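Participant:
Number of protein chains: 6
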Amino acid sequence: MVYLTRKAEFAASHYYHNPDLTPEENQRIFGKCNNPNGHGHNYTLEVTMRGEVAPDTGMVTDLDRLDRTVEERVLRRFDHQHLNFDEAFAGKTTTGENVVVLVWDLLEKAVPAGILQKIGLVETRDNYFEYAGPKGERVA
Amino acid sequence: MVYLTRKAEFAASHYYHNPDLTPEENQRIFGKCNNPNGHGHNYTLEVTMRGEVAPDTGMVTDLDRLDRTVEERVLRRFDHQHLNFDEAFAGKTTTGENVVVLVWDLLEKAVPAGILQKIGLVETRDNYFEYAGPKGERVA
Amino acid sequence: MVYLTRKAEFAASHYYHNPDLTPEENQRIFGKCNNPNGHGHNYTLEVTMRGEVAPDTGMVTDLDRLDRTVEERVLRRFDHQHLNFDEAFAGKTTTGENVVVLVWDLLEKAVPAGILQKIGLVETRDNYFEYAGPKGERVA
Amino acid sequence: MVYLTRKAEFAASHYYHNPDLTPEENQRIFGKCNNPNGHGHNYTLEVTMRGEVAPDTGMVTDLDRLDRTVEERVLRRFDHQHLNFDEAFAGKTTTGENVVVLVWDLLEKAVPAGILQKIGLVETRDNYFEYAGPKGERVA
Amino acid sequence: MVYLTRKAEFAASHYYHNPDLTPEENQRIFGKCNNPNGHGHNYTLEVTMRGEVAPDTGMVTDLDRLDRTVEERVLRRFDHQHLNFDEAFAGKTTTGENVVVLVWDLLEKAVPAGILQKIGLVETRDNYFEYAGPKGERVA
Amino acid sequence: MVYLTRKAEFAASHYYHNPDLTPEENQRIFGKCNNPNGHGHNYTLEVTMRGEVAPDTGMVTDLDRLDRTVEERVLRRFDHQHLNFDEAFAGKTTTGENVVVLVWDLLEKAVPAGILQKIGLVETRDNYFEYAGPKGERVA
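Chains as they are written, first to last, in the numbering used here: chain A, 120 to 259; chain B, 120 to 259; chain C, 120 to 259; chain D, 120 to 259; chain E, 120 to 259; chain F, 120 to 259.
1. Between which two residues does the alpha helix (DSSP H) holding residue 187(F) run?
2. Name, going along the chain, the residues of the segment 124 to 151 of chain C whose beta-carbon falls closer than 9 Å to a beta-carbon of chain F.
3. Touching or not, the segment 234 to 251 of chain E and the segment 122 to 129 of chain F, by the rule of three or more beta carbon pairs under 8 Å?
4. If the criterion is Cβ atoms closer than 8 Å, does the pair residue 187(D) and residue 236(D) meet it?
5. Does the segment 248 to 257 of chain E come close enough to the segment 221 to 236 of chain E to have 3 or more Cβ pairs within less than 8 Å?
6. Identify whether residue 72(E) lies in helix, strand or coil by the three-state DSSP scheme.
7. So, for residue 192(E): in the same chain, excluding its five sequence neighbours on each side, which residues have a beta-carbon less than 7 Å away from its beta-carbon?
8. Let me check one thing: in DSSP terms, what residues is residue 250(A) bridge-paired to?
9. What do you reckon, are the CB atoms on residue 156(B) and residue 132(A) nearer than 8 Å?
10. According to a CB-to-CB cut-off of less than 8 Å, which residues of the segment 156 to 175 of chain E neighbour chain D?
11. Are residue 135(D) and residue 161(D) close, meaning C-beta to C-beta below 8 Å?
12. Just by C-beta distance, which residues in the segment 218 to 240 of chain F are closer than 8 Å to chain B?
13. Would you call residue 209(E) buried or exposed, if buried means 16 or more other Cβ atoms sit within 10 Å of its Cβ?
14. Once the 5 residues before and after residue 240(C) are set aside, which same chain residues still bring their CB inside 8 Å of it?
15. Under a Cβ-count criterion, where at least 16 other Cβ atoms within 10 Å of its own Cβ denotes burial, should residue 150(D) be classed as buried or exposed?
16. Secondary structure at residue 257(E), three-state DSSP: helix, strand or coil?
17. Please decide whether residue 205(F) counts as near chain B, where near means a Cβ-Cβ distance under 8 Å.
18. If you draw a straight line from the C-alpha of residue 130(B) to the C-alpha of residue 190(C), how long is it?
19. Taking the straight line between their C-alpha atoms, what separation do you get for residue 207(F) and residue 198(F)?
20. Could one say the Cβ of residue 81(C) lies closer than 8 Å to chain F's Cβ atoms, at least one of them?
21. Which residue's Cα is closest to the Cα of residue 176(B): 212(F), 176(F) and 143(F)?
22. Is it right to say residue 141(E) is buried, meaning 16 or more other beta carbons lie within 10 angstroms of its own, or is it exposed?
23. So is residue 244(C) in contact with chain F if we call contact Cβ pairs under 8 Å?
24. Locate the alpha helix (DSSP H) running through residue 147(B), then write down its first and last residues.
25. Between 200(B), 147(B), 182(B) and 179(B), which lies nearest to residue 183(E) when the distance is taken from Cα to Cα?
26. Within a Cβ cutoff of 6 Å, which residues of the same chain sit near residue 121(C), ignoring the five residues on either side of it in sequence?
27. On the CB-based measure, 16 or more other CB atoms within 10 Å of its CB, does residue 143(D) come out buried or exposed?
28. Are the C-beta of residue 259(C) and some C-beta of chain D separated by less than 8 Å?
29. Residue 122(F) CB to nearest chain E CB: under 8 Å?
30. Compute the distance between the beta-carbons of residue 201(D) and residue 158(E), then report whether it is under 8 Å.
31. Between the C-alpha atoms of residue 145(B) and residue 204(B), what's the straight-line distance to the nearest angstrom?
32. Residue 139(F) to residue 174(B), Cα distance in whole Å?
33. Output the distance between the C-alpha atoms of residue 231(A) and residue 195(A), rounded to the nearest integer angstrom.
34. From which residue to which residue does the beta strand (DSSP E) around residue 163(D) run?
35. Can you grab the Cα-Cα spacing for the pair residue 185(A) / residue 167(A), in whole Å?
36. Let me see if you follow: with CB-CB separation under 8 Å, is residue 179(A) close to chain D or not?
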């Protein structure tokens, strides 16, 4: 098993707000992230695939196809967008946690079964999120 | 003359739109940056100060005071905000070019005369802006 | 299970010396790190927490509280300090290995049970340490 | 168990070509990487060792010896070389996948048994490969 | 005057050899870089443009056009190539110094007069080259 | 004129203290940097040389000789040392400002006349110092 991680960047806006909470609760829990005008980040996405090394190519996956899949399913949808306007976040906050889970769900159904290992997301230089799927025992 | 550069980060939203242009022109010129829902970045601000080294402290400027000035004049104003909602950008697009010029103007009047050398701004990992003031002959 | 990693920096001095060894052994084993005047590093600490994503906040942990805990238990104690003067290192060398284990012990008792996943520590651009606790089967 | 990761860089050339495939297949599968003149990368190698912390040194391994081993077995062999000319790649493409497996094999037999945890390899700023050995259940 | 720096990466092979020198001289001067099989790098190119900020766009230059120019004149020519095979290096070594001068010459004739400020080139994590044109008084 | 910047790292301790000031003044001016036990940093040194490109080598300077000079004059003196114990800092604080000026003085007399352009020093991820000599008109 060799692991390949492919990175890509996207720039997006978001803000944190839960309509089931009062304005005061939203402010207390989310602080400056609750500003309804929104703020944004350069997100760095990390997609980790696993696989046996194919003897003829020396690769664990078709990298061009992976790039196209990430482009079509993730970058085209979120790059230069406001995450709160995406239907997938209806009823959910646009936290890094929810973003990695969503990206996992989008990619897991678009790549060969069992090959997606982990989604990582750098939100700021001090914040990093990872998700390895519902059965994903981690890792470290 | 020694030069000190101090970095700070802020996360903000923006989008590009000039109301004097038609929607088609806005789209042609600004492309994906014209999306009215906005998108965002982690901006890295670089403030460069110059000065003689003071013999008693070994410093060119009071770093704590510089940090407070940057915090009060720039970070508090732009961090976790939408730049297009800031009054300083009325009639202006929120490009990196306009942001560095604005930050220069905000800081130049708040620090001792002649000590501000340059404002740098990293917008994405591939985009970097610099401004050294109206008389600022650069530099390379 | 989603994993959140939070980074923080601290600057500290240290040197390696085991009083149970002869000066010659200390020099042979620790080399330039044995200089009793000490040297120092910018340490980057990485604290990884794991958890279910809370439906109301979309988060695995209260990030503000985590930041306060890291500040109170780790940064305030080690930032701009000489590690060899800290009582926790009595009888121990101040290696990256011992630092990550100590930070784990300090934080593990200060956060909700079972939520701390790993401590990482960047000591230089070429040296990185990780510890996932006494039961921590890694990982890779 | 504490994990120590040591980084090192080497600059090398390579290109992808499988002589068992037709020129058209090589071009289709490997694209611009198939150019027989070759291209190159600054590779960042990451060697992760695991171990108990020795009470007298506070270390999991002898770092100087590890550095010498990496220098002798890997850097001296691949730095400023063309990977396709190395006999270990006879019949194999010089992909990141095959490089991490080869480096694992070279180092695993040169360090104490059971102490090598993982080999990582940064090929470009967007491509990262990892291998944890034939029994290496990962990880994330 | 505002300065915009745009980065791009390319991966290329090269080696140093001057046919007017003896093999011994080549080896003495160029050392490991003289290996005729070549080695390679991930080069990071930095193109700095200067200009007044246009009131209607807030920009100093048309970034899309700049990207196309860099793609057509530089990346398409050097990415995934062996620099020694490029006709521009006939009779010249493929050092970072010669690469930045060549890229300046290629871009200076392809962009509006007077707008190109500097070419920067990161060759390895420890080597960086800059050229500001034949009249380019630097800078620091 | 082409500019070559060469980077090198060293790890050192220091603290700020001016014996001509009272303990209260030292504490007020230098804050946490005044702790007499010291703290430390991984310093990244940047040495920028300028020159015409030599036609036979394609280089502005002999890089191996530069590396040896930096090693002998700077790294061997400061790496894994406590800066306050160095005689050059007698009567001076060990600030980044004083370090870049000292390194300039050490290297300027050791390299061919007129070839040293600038010394840069990264002290922390947010602090950067530059000095271009007593006649050094900068730059930005």
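Glycine is no exception: its CB is placed at the ideal position from the N, C-alpha and C atoms.
Note that the coordinates shown come from a computational prediction; the quantities given were computed from them, not determined experimentally.
Facilitator: So, from the data block:
1. 182 to 189
2. 128, 129, 130, 131, 132, 133, 134, 150 and 151
3. yes
4. no
5. yes
6. For chain E, the structure presents residues 120 to 259; residue 72(E) sits outside this window and is missing.
7. 225, 226 and 229
8. 238(A) and 121(C)
9. yes
10. 156, 157, 158, 159, 160 and 161
11. no
12. 219 and 220
13. exposed
14. 162, 163, 164, 165, 215, 218, 219, 222, 247, 248 and 249
15. exposed
16. Reliability fails at residue 257(E), whose pLDDT of 49 lies under 50, so the model's placement of it is uncertain and the value that follows must be treated cautiously. In this structure, residue 257(E) counts as coil in the three-state DSSP scheme.
17. no
18. 22 Å
19. 15 Å
20. Absent from the structure is residue 81(C), since the part of chain C shown begins at 120 and ends at 259.
21. 212(F)
22. exposed
23. yes
24. 142 to 149
25. 147(B)
26. 172 and 179
27. exposed
28. Its pLDDT being 37, under 50, residue 259(C) is placed unreliably in this model, and the coordinates cannot settle the point.
29. yes
30. yes
31. 19 Å
32. 11 Å
33. 21 Å
34. 158 to 170
35. 11 Å
36. yes
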